[in-house]
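In our numbering, the protein residues as written are 2 to 313. First the structure, in the form of structure tokens, and then the observations on it.
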């Protein structure tokens with residue numbers, strides 16, 4: 002069943018090491034997958050109930066490529082005893098009980114099928130799978146479970162952001178001291194300097210600001226700019242972008258979350274004609290995400306910006 006096979010891409014948490022499999026109960030599916038119970042549960046799901054499970058899948062070299070430890074999100078299956086068992090994987094997933102811990106090795110093609118086969122796997126090789134059932138819950142219970150999980154994740158992210166901001170603040174303070182920059186810090190942690198005052202209208206939320214910019218890392222590396230000359234001088238010139246008319250002031254609808262938070266806040270402090278510098282902690286930029294290229298996780302970003310126009 003394609004639906005059951007696709008759950009392998011959404012799931013999972015490590016269970017017990019495969020070395021504990023000896024002398025445990027084993028069963029074999031109709032297509033020859035032999036699986037072992039590290040621990041067997043007893044509570045079978047009823048129609049309409051949800052089976053929440055943790056899963057780890059390794060390739061033939063013991064490299065994990067699916068794990069809910071990384072995703073912090075278990076897989077789930079709504080049970081229905083009328084669902085057809087079209088493969089051994091269907092049989093395994095539709096027989097899961099609360100408390101089950103299962104481990105097995107099987108041919109990748111049997112596990113994923115042609116349609117869901119990951120491009121990086123050799124379909125002739127075996128994959129190693131570990132499944133651990135967390136709970137069997139009704140609709141209300143599963144909604145409460147994922148709400149609680151989301152709240153815990155958000156709390157953890159908020160705590161991590163507080164610690165990261167402390168680290169970033171020290172790095173920024175060291176940077177502005179070294180460069181003798183007189184910057185103003187906002188409550189959120191953004192540092193800014195207005196280097197040249199304009200005389201046009203102040204930017205308000207919802208306005209369209211036209212912004213020339215150059216973006217740097219703390220070490221001075223330029224990662225992006227709207228100015229062709231700066232791009233050429235810094236080694237980041239892109240001819241394709243130039244041919245498409247991509248160099249020139251960037252249009253930004255301010256205060257609508259269409260740019261990183263540090264820009265939304267910083268632009269709201271400026272007016273037409275201003276030239277300014279933003280020193281943005283990673284918590285107001287891309288956080289733990291890597292955008293590719295030179296911007297790594299938890300990168301502090303510096304922008305020189307000029308507001309060429311403001312449209313109300």
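Quick reminder that beta carbons are idealized off the backbone N, C-alpha and C, glycines included.
Reference residue 51, options 80, 42, 212, 66, closest by Cα: For residue 51, the closest alpha carbon among the candidates 80, 42, 212, 66 is that of 80.
In the DSSP output, which residue or residues are listed as bridge partners for residue 51? 79, 138
Three CB pairs or more closer than 8 Å across the region 256–268 and the region 216–223: no
My assumption, with CB atoms under 8 Å, is that residue 146 sits in contact with residue 53. Please give the rounded CB distance. 7 Å
Would you be able to state if there are at least three C-beta pairs under 8 Å between the region 148–157 and the region 120–134? no
From the DSSP output, in three-state form, read off residue 239 for me. coil
Within 10 angstroms of the Cβ of residue 70, are there 16 or more other Cβ atoms? Answer buried if so, exposed if not. It is exposed - the Cβ of residue 70 has fewer than 16 other Cβ atoms within 10 Å.
Taking the alpha-carbon of residue 313 as reference, which of 294, 203, 166 has the nearest alpha-carbon? 203
Can you check whether the CB of residue 280 is closer than 7 Å to the CB of residue 173? yes
Residue range of the unbroken alpha helix (DSSP H) whose run includes residue 101: Taken as a continuous stretch (DSSP letters only), residue 101 belongs to no alpha helix (DSSP H), as it is neither H nor E.
Pick from 121, 25, 235, 192: whose alpha carbon is nearest that of residue 39? Between residue 39 and the set 121, 25, 235, 192, the nearest pair of CA atoms involves 25.
If we ignore side chains and look at the alpha-carbon of each, how far apart do residue 64 and residue 106 end up? Cα to Cα, residue 64 sits roughly 14 Å from residue 106.
Give the DSSP bridge partners of residue 279, in chain order. Paired residues: 193, 304.
With contact counted as at least three CB pairs below 8 Å, one residue from each stretch, are the region 180–192 and the region 232–242 in contact? no
According to the Cβ coordinates, are residue 166 and residue 190 closer than 7 Å? yes
Please report the distance separating the alpha-carbon of residue 285 from that of residue 42. 46 Å
Tell me, which residues are paired with residue 40 by DSSP? Bridge pairing for residue 40: 102 [DSSP].
Tell me whether residue 185 sits in a helix, a strand or coil according to DSSP, three-state version. strand
Candidates 140, 91, 192: which alpha carbon is nearest residue 177's? 192
Exposed unless 16 or more other CB atoms sit within 10 angstroms - verdict on residue 75: buried
Residue 270, DSSP secondary structure in three states: coil
Residue 128 and residue 212 - do their beta-carbons sit closer together than 7 Å? no
For residue 171 and residue 296, what's the separation of their Cα atoms in angstroms? 19 Å
Give me the Cα-Cα distance between residue 226 and residue 240, rounded to the nearest whole angstrom. 13 Å
Give me, in chain order, the residues of the same chain whose beta-carbon lies closer than 7 Å to that of residue 289; leave out the 5 immediate sequence neighbours on both sides. 298, 299
Return the first residue and the last residue of the beta strand (DSSP E) that residue 109 is part of. Not the beta strand (DSSP E): residue 109 falls in the alpha helix (DSSP H), residues 109–113.
How far does the beta strand (DSSP E) with residue 1 in it reach, from first residue to last? Shown here, the chain extends from 2 to 313; a query on residue 1 therefore has no answer.
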